[in-house]
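Everything in the sequence shown is counted per our numbering, starting at -9 for the first residue and increasing by one.
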Amino acid sequence: MHRQSSKKREQIRFLKRVIMSSDDHELIGRIFDLGIVELNFETYEELSQFVDCRYVFHCGMSMRSLVRRVESLNLAGDLIWVDPSDWDTGRQAVDRYAWLNVACDVFLMRLISVFDCVLLFANDVFESGLEARQCTVRGLKKRGVRTELIELLEALQDDHEALRYERNSRIHQGWERTHSSCDETFRMAASFERNGQDLRGADSLGKRINSKRYMKEGLVELQRDHNISLRKLGKRLNEIYDLLSPEFEDRFRAKFRDPDAGFGYRTGLVTSE
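This is the structure we're talking about:
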């Protein structure tokens, strides 16, 4: 795993935060709007009699999960852009070092899981019929999903490969990133502070021990990872939605006009020529 240099870790000036928008693309709004049809039915069994309604329902379910997961990255941002002065009162539930670990866990888990949510959404749009555990890029490719989309999905996965590796290492191997220029000192100082004591003296770099400065170093590094990742993610999601949108419209239109099982025909919104 690549380790940041001490010079980079000592940066303590907060970065301008990137805010992630989850529903700007017209495809998201389109499926939200069509989902209103669900209000016409009391049960899924009633809804599923109509192929167009069933299609919109399943696409809407996976789309909403994706939107919520993307939106949750802003929650991770709230944790990462916290004010270190909030710990000066001694009333925080966890110490500074533990906060950074939790913020990192939340950010990495939610960022990397966006990819899985995108796969499930594509699975429903293309009606690939894959179970969640089998819904992979390879699985979608075998089911005939367009090559252009497969390439974008692979690119999305590659965009966050280093952070995916870190997420897996944290979850499965107990690995933790270092957060500051003198991490062992920071860990001890944060623990002392949590118990109402000060750890005084100089750290291994010869600098005065300063928990607030150490925390700022860790936050700025997380902020950098956050901003870079979200910029890539926003761009890639729009590219994926651009490919999914015509596929969704073609499939929905055909089902809506189905004379046997289309809601459009049953309600008289579509008539045979």
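We treat Cβ as the ideally placed atom computed from N, Cα and C, and that holds for glycine.
Top-ranked residue by Cα proximity to residue i, from the options
i	options	result
residue 201	217, 145, 184, 53	184
residue 93	81, 108, 131, 71	71
residue 13	23, 4, 193, 36	23
residue 135	158, 157, 111, 156	111
residue 194	209, 182, 174	174
residue 50	242, 249, 254	242
residue 55	235, 144, 247, 21	21
residue 238	4, 10, 46	46
residue 138	233, 228, 190, 95	233
residue 224	128, 33, 10	10
residue 129	145, 221, 142, 109	109
residue 220	76, 3, 95, 8	8
residue 5	25, 73, 43	73
residue 144	77, 89, 228, 105	105
residue 257	2, 89, 40	40
residue 69	82, 89, 75	89
residue 176	3, 15, 91	91
residue 76	205, 1, 192	205
residue 203	222, 172, 214	172
residue 2	235, 192, 214, 25	214
Residue i - DSSP class collapsed to helix/strand/coil
i	result
residue 192	strand
residue -8	With a pLDDT of 43 at residue -8, under the threshold of 50, the modelled position of that residue is not reliable, and no figure is offered here.
residue 86	helix
residue 247	coil
residue 198	strand
residue 125	coil
residue 265	No statement about residue 265 is possible, as the shown extent of the chain runs from -9 to 263 and does not include it.
residue 64	helix
residue 11	coil
residue 72	coil
residue 26	helix
residue 157	helix
residue 21	helix
residue 217	helix
residue 5	coil
residue 162	helix
residue 48	helix
residue 254	helix
residue 167	coil
residue 81	coil
residue 224	helix
Rounded separation between residue i and residue j - CA only
i	j	result
residue 166	residue 160	6 Å
residue 117	residue 31	22 Å
residue 207	residue 53	36 Å
residue 114	residue 245	14 Å
residue 187	residue 59	39 Å
residue 80	residue 231	46 Å
residue 198	residue 212	23 Å
residue 252	residue 37	11 Å
residue 125	residue 170	38 Å
residue 255	residue 247	6 Å
residue 19	residue 62	19 Å
residue 210	residue 196	22 Å
residue 34	residue 107	22 Å
residue 146	residue 217	16 Å
residue 84	residue 164	19 Å
residue 181	residue 86	8 Å
residue 249	residue 162	52 Å
residue 27	residue 44	10 Å
residue 226	residue 190	47 Å
residue 82	residue 96	18 Å
residue 65	residue 57	13 Å
residue 119	residue 67	35 Å
residue 29	residue 168	51 Å
Closer than 7 Å: residue i CB and nearest the ligand GTP heavy atom
i	result
residue 13	Inclusion of the ligand GTP in the displayed structure is not the case, the ligand content being empty and no account of it being possible.
Original post:
Are there three or more Cβ pairs, one per stretch, closer than 8 Å when the segment 100 to 117 is compared with the segment 142 to 162?
Top reply: yes
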